[in-house]
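Notes to accompany the following structure.
Numbering (the UniProt record's numbering), first residue to last: 1 to 161.
This is the structure we're talking about:
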């Protein structure tokens, strides 16, 4: 999604969208790396508007200034099964997170929300409930994949010479 939005913000100019690595063009709000790597907030403070920001934060932890400034927000929700599998393998390779154990040990913890980032259910519901209060476009990841499939040449009715 971040690449799509960045390309739109640059009027479809792909070269302009390649001006810097993704993590520079669209920093994570919550990233707090040790120096000399700037935090997400440090990066945002030196980035001119309009800015493209990404976050994994629950709705409740997004700074109020986002809503006061009427920031446009796109929330991409992923289904619980795919999210659980993705985070399981992420935690297996991520040395900064506790080892998740076996899949059989991990899945019940995930369902209870007993994982470092909290409950998937609370996360998606928080953003879902906020979508009409604020300028939030709620998108399902699986729908984005369907659009990609629909756009492939084999499925297109348009012919090129």
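For glycine and all other residues, C-beta sits at the position ideal for the given N, C-alpha and C.
Boundaries of the alpha helix (DSSP H) in which residue i is found, first to last residue
| i | result |
| --- | --- |
| residue 20 | Counting along the chain, residue 20 falls outside any alpha helix (DSSP H), and DSSP gives it neither H nor E. |
| residue 59 | Residue 59 -> no alpha helix (DSSP H), and no H or E assigned at all. |
Best match in the options for proximity to residue i [C-alpha to C-alpha]
| i | options | result |
| --- | --- | --- |
| residue 124 | 102, 28, 105 and 76 | 76 |
| residue 97 | 80, 74, 61 and 115 | 115 |
| residue 51 | 23, 91, 117 and 113 | 23 |
| residue 65 | 107, 3, 142 and 29 | 29 |
| residue 41 | 63, 17 and 20 | 63 |
Which of helix, strand or coil DSSP assigns to residue i
| i | result |
| --- | --- |
| residue 115 | coil |
| residue 52 | coil |
| residue 92 | helix |
| residue 76 | strand |
Sequence-distant residues of the same chain with beta carbon closer than 8 Å to residue i, five excluded per side
| i | result |
| --- | --- |
| residue 144 | 1 and 76 |
| residue 86 | 78 |
For residue j and residue i, the rounded distance between their alpha carbons
| i | j | result |
| --- | --- | --- |
| residue 161 | residue 14 | Caution is warranted here: a pLDDT of 39 is assigned to residue 161, below 50, making its placement in the model unreliable, and the coordinate value is therefore given only provisionally. Between residue 161 and residue 14, the C-alpha separation is close to 24 Å. |
| residue 36 | residue 11 | 33 Å |
| residue 128 | residue 95 | 32 Å |
| residue 70 | residue 93 | 37 Å |
Unbroken beta strand (DSSP E) run spanning residue i, endpoints
| i | result |
| --- | --- |
| residue 139 | 136–140 |
Proximal residues to residue i (C-beta, below 6 Å), its chain only, five neighbours per side dropped
| i | result |
| --- | --- |
| residue 58 | 123 and 126 |
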